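Notes follow the structure.
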């Protein structure tokens, strides 16, 4: 199907190129005769040259569209989340000896705002020191409450749930909240800390 579409597109482009160059396409019966003659060779060269020019122009246009899309995303983020109200929430995992993370839920001011279910590769990335951006929002100055709920497997492979709440004061600048999962070696169980920075 793609090959047929590409063939039709090339035919249409060649026809357009020939029309623009002032040459008409030969009739089907005369195609063999003219391609053998000097006029047919000139027509083919012009058509091929025009097609190469169009292809080059399309590639340039495609690159411009990709660049423009990146710039639009940056502008959209700045517009939706101005630097003075931007609030980002991240998830980190320090060792994971006593907890295998399966999912997280985040509530801000009592409203569920984010959930995520982790794949094995995502868990491995977190265990290697990666940090996941869970949620970005626009948050006004003042007092707020964040509550994080984690589910996974605890010691001995049992189902385990963790929850932690943090009341914080949002200042005039952009701020960050880290949901840090770690291990308590003395108690041999996982712990969660919500750290604002």
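In mature numbering (1 follows the signal peptide of the UniProt record, and there is no 0), the protein residues as written are -29 to -1, 1 to 168. Positions of the beta carbon are idealized from the N, C-alpha and C atoms, including for glycine. Nothing here was measured: the structure is a model prediction, and the numbers come from that model.
*In terms of DSSP beta bridges, what is residue 161 paired with?*
154
*Check residue 20 in the structure and name its three-state DSSP category.*
helix
*Evaluate residue 123 with the Cβ neighbour count: other Cβ atoms within 10 Å of its Cβ, from every protein chain shown; 16 or more gives buried, anything less gives exposed.*
buried
*Hey, which unbroken runs of the beta strand (DSSP E) at 3 residues or more fall wholly within the region 65 to 129?*
The qualifying runs are 71 to 79, 82 to 88, 102 to 109 and 113 to 124.
*Taking C-beta to C-beta, are residue 165 and residue 137 nearer than 8 Å?*
yes
*Excluding sequence positions up to five away, which residues of its chain have a Cβ less than 6 Å from the Cβ of residue 167?*
139 and 148
*Just mark residue 158 as buried or exposed, buried being the case when its beta carbon has 16 or more other beta carbons within 10 Å.*
exposed
*For residue 175, does the three-state DSSP call read helix, strand or coil?*
There is simply no residue 175 to check, as the chain begins at -29 and stops at 168 in what is shown.
_Against chain C, does residue 152 count as a neighbour if the rule is that its beta carbon must be under 8 Å from one of theirs?_
Annotation note: the requested chain C is absent from the structure, which comprises a single protein chain.
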